[in-house]
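Encoded as structure tokens, the structure appears first; notes follow it.
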Amino acid sequence: MKQQFLKVVAGVCVVVGMNACREKTPDPEVYEQGVMVLNAGNFLDNNGSISFFRREQSEAQNDLFFQENGRSLTGNVQSMAEVGAYSLILVDNSTAGQDKVEIVNVGTFKSEATLSAPDIENPRYVVRINDTKAYVSCWDATGDFSDFFKNQGYIAVVDLTTQTVTKKIPVPKGAERMVKIGNEVYLGAVGGTENLTVLDAATDQVKRIIKIGASPDPIDVDANGKLWIQSNYNVVRINPLTDAIEANVRVGNHALKTPSNFAITPDRRSFYFLYSFYDPAANYAQKGEIYRFGIDDTTIRTDTPFLRRVVSGLGVDPAQGLIYGGVTPSFKQAGYVVRYRTDASVVDSIKVDISPSGFVFK
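Every number in our numbering is 3 more than the matching position in the sequence shown, counting from 1.
Here is the structure:
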């Protein structure tokens, strides 16, 4: 999580493994159904982790990777996705050359393989191509603040039958999120480009580019099959069949706030998102709210929030429709996952590890 380092001064964090001695369940498929929480951790401490709970529970099993493998992830959890029989955990270490992808069994969370440098440098996001193949977007090695994205980005093509990186596809600097539509992958970037990169998932080559606007980052596909993209203060909707831009909407009108953490609803007709900024008048504390808009809205209003709070992670469970918010009191203590109904009433609050920043619903 390099952005976390740029936004906050990371404190020294000591995590006491309260759950390390918890008795493990004998069920070999215990993690097949439930919710995985991606705890980013504190950047310089490299103490990211995964928490797990079933939907009917209000208590999480924390530091799951350590419990099942007897070792920690030794880095910050950037993202994770399921690909066939495996889960790929992207781990970003504060020391150059120590980043990696942990490949674990979906049901048992036992480690199967580790991909490391030089194949993996600053991994960002992962997308499933098929049950035996995945793409991992990578920044490559970064520089100082004067030339942070000093290298071209790349896509690491992961073959899960051999559990190796078989190819690195050159892409623009600051490669970010990916969305797969049919046999094409739409890739965003934050390294200065205005183009969305489209890759052919059959040939593992760049197929074309689509000019969108500053720092385009794909969000998700709606109920009409249209792709939504964030571009700084705007959200853009394109038709993947023609690459035509159908809508380009400014989010709110605040001079400093930007939208982030988009999460689509189960019917794919609405998005929730965080609208926030770092207030220089309050020691750069993050301030903002959560809003919602529909895919047919022609404007995105920010006068009536869904929730008046900031979250470090946002997700919507496709099975139940509950809204999940990750809460980070500080980078020196455990965080929480708060579950909300669609009327914004609270279901419960579940203690997890440091900086809950993402969710994988199983």
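Using N, Cα and C, we set each Cβ at its ideal position, and we do this for glycine too.
Leaving aside the five residues that flank Y189 on each side, the residues in its chain whose CB is nearer than 7 Å to its CB run, in chain order, M181, V182, L199, V201, P221, L230.
Sequence-distant partners of N72 (beyond 5 residues in either direction) whose C-beta falls short of 6 Å from its own C-beta, in its chain, are S114. In the three-state reduction of the DSSP assignment, A322 falls in the coil class, being assigned neither a helical nor a strand state. Counting C-beta atoms within 10 angstroms of its own C-beta, P126 has 16 or more neighbours from the protein chains shown and is therefore classed as buried. When the alpha-carbon of R131 is set against those of D356, A226, A205, Q155, the nearest one is in A205.
Of all C-beta pairs linking the stretch 315-335 to the stretch 263-278, three or more are shorter than 8 Å, placing the two stretches in contact. Per DSSP, Q70 is one residue of the alpha helix (DSSP H) stretching across 67-72. Out of G100, Y138, N133, the CA that lies nearest to the CA of I92 is found in Y138. Collapsing the DSSP output to three states places P332 in coil.
Between the alpha carbons of D223 and D122 lies a gap of roughly 27 Å. No residue range can be given for V109, since it is assigned to no beta strand (DSSP E) and is classified by DSSP as neither H nor E.
Cβ-Cβ separation between Y278 and Q289: approximately 11 Å, too far for a contact (criterion under 8 Å). Per DSSP, K229 lies in no beta strand (DSSP E) and is assigned neither H nor E. Bridge pairing for R180: absent [DSSP].
By the C-beta density criterion, R253 is exposed, having fewer than 16 other C-beta atoms within 10 angstroms. A direct Cα-Cα distance of roughly 44 Å separates A144 from D346.
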